[in-house]
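Peer 1:
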Amino acid sequence: HSHGGGEHDLKSNDSRKKINVLIFEIGVAIHSVIIGLNLGVATGDGFTTLLVAICFHQFFEGVAVGSSAVTAFSNVRTSIVTAVAYSLTTPLGIAIGIAVNTSYSETSLTSLWVRGVLDAVAGGILVYTGIVELLTYQYTISHEFHAKSGGLRSLHYIFLWLGAGAMAIIGQWA
Numbered sequence: 005h006s007h008g009g010g011e012h013d014l015k016s017n018d019s020r021k022k023i024n025v026l027i028f029e030i031g032v033a034i035h036s037v038i039i040g041l042n043l044g045v046a047t048g049d050g051f052t053t054l055l056v057a058i059c060f061h062q063f064f065e066g067v068a069v070g071s072s073a074v075t076a077f078s079n080v081r082t083s084i085v086t087a088v089a090y091s092l093t094t095p096l097g098i099a100i101g102i103a104v105n106t107s108y109s110e111t112s113l114t115s116l117w118v119r120g121v122l123d124a125v126a127g128g129i130l131v132y133t134g135i136v137e138l139l140t141y142q143y144t145i146s147h148e149f150h151a152k153s154g155g156l157r158s159l160h161y162i163f164l165w166l167g168a169g170a171m172a173i174i175g176q177w178a
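With the numbering used here applied, the sequence shown covers 5 to 178.
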């Protein structure tokens, strides 16, 4: 006889995965609007540097969002909705940035504070969703991950650290 939940555990795990992806999506959406806003108000050489950094950043973030959505949602329509929602967030932020650009002084104390706070919020959201919602689930709770061979799990960890290193280098350059 078994005390395990069986089917209930699978449904609970599936629900947990969906909730994690939705929290990640919301965090990334807020983050993307904020960085789009930064791009919308950027000028001169800062604009070009920021544009290149954001293009790379958004590409890899999009891959993460897409792969998370595909693994969490069996319904193709839901995955498409998450992809479309993600693709609209940065342009929305850019539009807001362009709209406020005429009343925006890049060097004013108020704008520096607002940008600093928004950047901190955006970074905090990504750190929280990345570590608490995604990594914790995928590397500690996920039965699928623990079912993989030790070598394959090690490869996952290696690529995790390589990705973190690559992002640190990109962050240093930007």
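In this text, a Cβ means the ideal position worked out from N, Cα and C, and glycines have one as well.
(1) What three-state label does DSSP hand K22 in the structure shown?
(2) Using a Cβ-Cβ cutoff of less than 7 Å, which residues in the same chain neighbour G66 once the five nearest sequence positions on both sides are dropped?
(3) Can you give me the Cβ contacts of K22 inside the same chain, cut-off strictly under 6 Å, excluding the 5 residues immediately before and after it?
(4) Hey, how far is the Cα of Y108 from the Cα of G40?
(5) Quick one: measure Cβ to Cβ for G31 and T133, integer angstroms, because I've assumed they're closer than 8 Å.
(6) Does the Cβ-Cβ distance between R157 and F163 come in under 8 Å?
(7) In whole angstroms, give me the CA-to-CA distance for L54 and A68.
(8) Are there 16 or more other CB atoms within 10 angstroms of the CB of I98, so buried, or fewer, so exposed?
(9) Could you spell out the range, first to last residue, of the alpha helix (DSSP H) harbouring L92?
(10) For the alpha helix (DSSP H) containing L54, list its first residue and its last residue.
(11) For I27, I'd like the list of residues in its chain whose CB is within less than 8 Å of its CB, leaving aside the five on either flank, ordered along the chain.
(12) Per DSSP, what kind of secondary structure is A172 in: helix, strand or coil?
(13) Using 10 angstroms around the beta-carbon of G44, count the other beta-carbons present and answer buried if the total reaches 16, otherwise exposed.
(14) Expressed to the nearest angstrom, what Euclidean distance is found between the alpha-carbon atoms of L113 and G120?
Peer 2: In terms of the structure at hand:
(1) helix
(2) Y90
(3) A76
(4) 15 Å
(5) 4 Å
(6) no
(7) 21 Å
(8) buried
(9) V80 to V104
(10) G48 to A76
(11) T133 and E137
(12) helix
(13) buried
(14) 10 Å
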